[in-house]
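**Student:** Attaching a single structure in structure tokens format; questions to follow.
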Ligand SMILES: [Ca+2]
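Residue numbers (this note's numbering): 46 to 379.
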């Protein structure tokens with residue numbers, strides 16, 4: 046609760062012009078946290094302190110994280126990502142990188158259109174990888190945003206570790222306001238753990254090498270328990286909301302079965318694919334243009350939420366993947 050009033054305060058401060066970019070300070074609490082992080086990530090404390098000296102506090106980032114896109118209703122959210130441009134460019138990206146995509150599909154068991162859709166939603170296929178210095182973003186959120194300070198300060202230390210590993214200058218790379226990097230928008234911990242050198246040139250480069258981005262996303266999905274060929278989401282119609290109300294809300298993890306939903310009067314549109322009554326699923330309720338709409342979502346949907354926890358994000362990725370697949374098949378990409 047404590048942080049609900051942070052957003053308005055940040056906004057007021059910004060309007061009044063008091064909100065200024067400041068060089069980072071090695072205050073006592075910052076130093077204490079760096080000492081902990083040095084043990085946790087095995088990065089020399091002096092190196093971490095030195096990285097902080099290169100960082101600047103960016104108040105705008107605090108404003109941005111308190112108003113994420115995921116707070117929009119689905120019918121607005123989807124129009125950001127399911128655009129003609131993103132679909133046609135996705136079909137083109139798929140065609141131009143078909144060799145690497147098929148190699149990743151075979152190596153990791155992740156459908157190529159899902160990999161392309163992640164790239165589409167994250168950065169429009171590498172066109173927009175973010176304009177915040179990573180060191181500033183992670184310092185700001187790690188040391189000036191108490192709600193997620195633990196997570197982001199650790200990512201700050203992981204970034205320092207990664208930069209040393211990769212031979213980067215600490216101020217070199219830019220990304221999202223939350224510190225996500227490259228075509229695939231990996232956080233530093235993900236970069237350390239899941240990025241792969243898929244084109245075998247000796248470096249794991251998610252900034253300039255589509256092949257590495259493709260392989261790394263597929264590897265990430267494999268580790269998020271993605272299962273090749275399994276369903277992700279089907280549209281559904283609910284006869285009586287009251288009969289399924291207890292199953293709605295919360296995380297998208299399965300809490301029922303296809304059979305149980307059918308018994309409760311849910312019609313599932315699987316596009317001609319056979320439905321297995323025993324499959325574990327979750328009924329998802331979203332805000333459509335004209336009231337509530339429903340989807341039955343499978344464990345693969347949960348795998349997408351490991352990339353970004355929002356069910357809206359996962360649905361946008363899935364629907365974009367299907368549009369790209371259709372477009373590529375029709376060969377209508379321009
Ligand atoms: Ca490489």
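Note that beta-carbon positions come from the ideal geometry of N, C-alpha and C, so glycine has one too. What you are looking at is a predicted structure, and each value in this text was computed from that prediction instead of being measured.
Take every Cβ of the segment 189–204, pair it with every Cβ of the segment 73–83, and state whether three or more of those distances are shorter than 8 Å.
**Tutor:** yes
**Student:** Go ahead and label residue 314 buried or exposed: buried means 16 or more other beta carbons lie within 10 angstroms of its beta carbon, across all protein chains shown.
**Tutor:** Exposed, because fewer than 16 other Cβ atoms sit within 10 Å of the Cβ of residue 314.
**Student:** When the Cα atoms are used, what is the spatial distance from residue 274 to residue 154?
**Tutor:** The straight-line gap separating the alpha-carbon atoms of residue 274 and residue 154 is approximately 9 Å.
**Student:** Report the partner residues of residue 231 according to the DSSP bridge assignment.
**Tutor:** 226
**Student:** Are the beta-carbon atoms belonging to residue 427 and residue 164 less than 8 Å from one another?
**Tutor:** With the chain represented from 46 up to 379, any question about residue 427 goes unanswered, as that position is not in the structure.
**Student:** Which value, in whole angstroms, describes the spacing of the CA atoms of residue 122 and residue 336?
**Tutor:** 15 Å
**Student:** Establish whether the CB of residue 321 and some CB of chain B are separated by less than 8 Å.
**Tutor:** Structure shown: chain B not included; a single protein chain is present.
**Student:** Measuring only the C-alpha atoms, how far is residue 78 from residue 352?
**Tutor:** 27 Å
**Student:** Report all residues for which the CB-ligand distance to some heavy atom of ligand 2 is below 7 Å; order them along the chain.
**Tutor:** Looking at this structure, you won't find ligand 2 anywhere; what it does contain is ligand 1.
**Student:** Would you mind sorting residue 46 into buried or exposed? The rule is 16 or more other CB atoms within 10 Å of its CB.
**Tutor:** Residue placement at residue 46 is poorly supported in this model, since its pLDDT is 38, which falls under 50; the coordinates still yield a value, given next. Burial call: exposed.
**Student:** Nearest by alpha-carbon distance to residue 348: which of 244, 220, 360 is it?
**Tutor:** 360
**Student:** Mapping DSSP to helix, strand and coil, what is residue 95?
**Tutor:** helix
**Student:** Do you know how far the Cα of residue 257 is from the Cα of residue 23?
**Tutor:** No answer is possible for residue 23: the residues shown for the chain start at 46 and end at 379.
**Student:** Can you give the Cα-Cα distance for residue 173 and residue 137, rounded to whole angstroms?
**Tutor:** 17 Å
**Student:** Assuming residue 304 and residue 285 are in contact, meaning their beta carbons sit under 8 Å apart, how far apart are those beta carbons, in whole angstroms?
**Tutor:** Not really, about 17 Å apart at Cβ, beyond 8 Å.
**Student:** Thinking residue 126 and residue 166 are a contact (beta carbons under 8 Å), I'd like their distance in whole angstroms, please.
**Tutor:** 5 Å
**Student:** List in chain order: all unbroken beta strand (DSSP E) runs of 3+ residues lying wholly within the segment 64–141.
**Tutor:** Segments of the beta strand (DSSP E) lying fully in the segment 64–141: there are none.
**Student:** Go through the segment 251–302 residue by residue and report every complete run of the alpha helix (DSSP H) that reaches 4 residues or more, in order.
**Tutor:** 255–268, 286–289
**Student:** Under the three-state reduction of DSSP, which class applies to residue 313: helix, strand or coil?
**Tutor:** Strand at residue 313.
**Student:** Given a cut-off of 8 Å, decide if residue 262 and residue 369 are closer than it, judged by their beta-carbon atoms.
**Tutor:** Here residue 369 is not near residue 262, since their CB atoms are 8 Å or more apart.
**Student:** Residue 197: which of 208, 185, 207 sits nearest, CA to CA?
**Tutor:** It is 185 whose Cα lies nearest to the Cα of residue 197.
**Student:** Is the segment 84–100 touching the segment 176–183 in the sense that three or more CB pairs, one from each, lie closer than 8 Å?
**Tutor:** yes
**Student:** Express the C-alpha separation of residue 67 and residue 54 in angstroms, rounding to a whole number.
**Tutor:** Because residue 54 sits at a pLDDT of 41, beneath the cut-off of 50, its placement in the model cannot be relied upon, and the following sentence gives the value as read from the coordinates. Each residue's alpha carbon lies about 18 Å from the other.
**Student:** Is the beta carbon of residue 363 closer than 8 Å to that of residue 223?
**Tutor:** no
**Student:** Quick check on residue 233: buried or exposed, where buried means 16 or more other Cβ atoms within 10 Å of its Cβ?
**Tutor:** buried
**Student:** Just how far apart, CA to CA, sit residue 259 and residue 140?
**Tutor:** 13 Å
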